[in-house]
Amino acid sequence: MLLLVQYVSPLGMLSALLIALVWAGPLAVLVVGLLGRLLRVSNPERFDPERSLLASGTARTPGWVLTAAVVLATLTWQLRFLPALLMLALWLLALRTRYLYPDRPLRIMLVGVALPLAAAVVAYAVLGPAIWAAVRAGEWSTVALLAVPPAAGTVLTGPLPPRVAPALTHWLAYTVAAALPLVMGAVFLRVAVLPTAAIEVAPTETDRAPTSVVLGHMITVTDTSTVMLDQAGVVRFLPNGRVRTQTLCSEAARVPFSVVSVHGWPVEETTLDWMMPRRPVAPPDQRCSGRLGNGESG
Numbered sequence: 001m002l003l004l005v006q007y008v009s010p011l012g013m014l015s016a017l018l019i020a021l022v023w024a025g026p027l028a029v030l031v032v033g034l035l036g037r038l039l040r041v042s043n044p045e046r047f048d049p050e051r052s053l054l055a056s057g058t059a060r061t062p063g064w065v066l067t068a069a070v071v072l073a074t075l076t077w078q079l080r081f082l083p084a085l086l087m088l089a090l091w092l093l094a095l096r097t098r099y100l101y102p103d104r105p106l107r108i109m110l111v112g113v114a115l116p117l118a119a120a121v122v123a124y125a126v127l128g129p130a131i132w133a134a135v136r137a138g139e140w141s142t143v144a145l146l147a148v149p150p151a152a153g154t155v156l157t158g159p160l161p162p163r164v165a166p167a168l169t170h171w172l173a174y175t176v177a178a179a180l181p182l183v184m185g186a187v188f189l190r191v192a193v194l195p196t197a198a199i200e201v202a203p204t205e206t207d208r209a210p211t212s213v214v215l216g217h218m219i220t221v222t223d224t225s226t227v228m229l230d231q232a233g234v235v236r237f238l239p240n241g242r243v244r245t246q247t248l249c250s251e252a253a254r255v256p257f258s259v260v261s262v263h264g265w266p267v268e269e270t271t272l273d274w275m276m277p278r279r280p281v282a283p284p285d286q287r288c289s290g291r292l293g294n295g296e297s298g
């Protein structure tokens, strides 16, 4: 472990952390903003920024931060989570309207009821074929993620009972604060911070074993040896004199869990993934599969 820490670039690890967990920032901002505004509308007397972290965070968060969080989430959340993002945005807008314009019932009705209903109609028109495809495929989690949020857009557009709101909002905030770091850690542990490589290693003069291929993650190359973390989790020191070739291998594409797509957009892809140009498919180097290169043998 000390060897890995010594040679892994802090900047590279930080970059991998930010890329892997960029979705978490908007989630935290939106959930805290929603719960705080729900508390403020439901029980203004208990909304005390000096005594409640939830109220303090809500009072200190300007509207443009929430807008930026929605935009960032639109780009970095997978398609299957975008209906939930729409639901959160509608709730925030309705609660803000109810707080700023309490004497305008028509405006509250338009933003809190008419707008969520119109958004639900549009969402179901776009997502309907994908929801039906998920039902036929038996992907009930995908069905729930696509079908439930548009209908729930009208649920939290108004206040909760004053006695229930303080305990419920704070309990939900503490639950999110406790669960989010665990989820973030689980996601980050799956991120590769070392390049994947395949190295052909020649046998020693006294060894009759054939040339072998070592697959793993490249840690560093010194004057005397190449240090690898192989697929078994063992750090191997390969003498440079026995190294024939070194091949960098691209990371294998993640096998999708869902077969559902929305008009050609897979539900497990983010907006950025969908907008980025596709890499041309090239035949993989067979050394990255643990086999010797063409025309080579022991």
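Its first residue numbered 1, the sequence shown is counted upward by one per residue in full-length UniProt numbering.
Backbone N, C-alpha and C define an ideal beta-carbon position, used for all residues, glycine too.
These figures come from a predicted structure and were not determined experimentally.
Beta-carbon gap between residue i and residue j smaller than 8 Å
{"i": "ARG37", "j": "LEU100", "result": "no"}
{"i": "GLY112", "j": "THR169", "result": "no"}
{"i": "VAL70", "j": "ALA89", "result": "yes"}
{"i": "PRO149", "j": "TYR124", "result": "no"}
{"i": "GLY63", "j": "PRO116", "result": "no"}
{"i": "ARG248", "j": "ALA197", "result": "The question names Arg, but residue 248 is Leu in the sequence shown. Yes, they are a contact pair."}
{"i": "THR74", "j": "LEU66", "result": "no"}
{"i": "THR58", "j": "GLY25", "result": "no"}
{"i": "VAL183", "j": "VAL201", "result": "no"}
{"i": "LEU53", "j": "VAL267", "result": "no"}
{"i": "ALA167", "j": "ASN43", "result": "no"}
{"i": "LEU86", "j": "ALA119", "result": "yes"}
{"i": "THR220", "j": "ILE199", "result": "no"}
{"i": "VAL234", "j": "VAL31", "result": "no"}
Per DSSP, cross-strand counterpart(s) of residue i
{"i": "SER225", "result": "PRO239"}
{"i": "TRP64", "result": "TRP64 pairs with nothing; no bridge assigned."}
{"i": "ASP230", "result": "GLY216"}
{"i": "GLN78", "result": "THR270"}
{"i": "GLN246", "result": "ILE199"}
{"i": "SER261", "result": "PRO266"}
Identity of the residue in the options nearest residue i by Cα
{"i": "residue 353", "options": "ALA123, THR245, THR175 and VAL143", "result": "Here the chain has residues from 1 to 298 only, and residue 353 is not among them."}
{"i": "GLY264", "options": "LEU95, ARG40, VAL126 and THR220", "result": "VAL126"}
{"i": "ARG242", "options": "MET228, GLU269 and THR211", "result": "THR211"}
{"i": "ALA94", "options": "LEU35, LEU272 and THR204", "result": "LEU35"}
{"i": "ALA147", "options": "ASP230, ARG163, PRO162 and VAL122", "result": "VAL122"}
{"i": "PHE257", "options": "ARG107, GLY138 and THR271", "result": "GLY138"}
Residue i to residue j span [Cα, whole Å]
{"i": "ARG98", "j": "PRO159", "result": "9 Å"}
{"i": "ARG287", "j": "MET218", "result": "15 Å"}
{"i": "GLY128", "j": "TRP140", "result": "14 Å"}
{"i": "ARG46", "j": "TRP171", "result": "15 Å"}
{"i": "THR224", "j": "LEU194", "result": "20 Å"}
{"i": "ARG244", "j": "ARG236", "result": "16 Å"}
{"i": "ILE19", "j": "ARG136", "result": "34 Å"}
{"i": "ALA178", "j": "GLY185", "result": "12 Å"}
{"i": "PRO105", "j": "ARG96", "result": "13 Å"}
{"i": "ALA133", "j": "LEU27", "result": "28 Å"}
{"i": "VAL29", "j": "LEU110", "result": "25 Å"}
{"i": "TRP23", "j": "VAL187", "result": "11 Å"}
{"i": "ALA173", "j": "PRO49", "result": "15 Å"}
Classification of residue i by the beta-carbon crowding that lies within 10 angstroms, buried from 16 upward
{"i": "residue 314", "result": "Outside the modelled stretch of the chain, which goes from 1 to 298, sits residue 314, for which no answer is possible."}
{"i": "TRP77", "result": "buried"}
{"i": "ARG40", "result": "buried"}
{"i": "VAL262", "result": "buried"}
{"i": "VAL155", "result": "exposed"}
{"i": "ALA130", "result": "buried"}
{"i": "ALA232", "result": "exposed"}
{"i": "ALA55", "result": "buried"}
heavy atom of the ligand FMN below 7 Å from residue i C-beta
{"i": "ARG244", "result": "The ligand FMN is absent from the structure shown, which contains no ligand whatsoever."}
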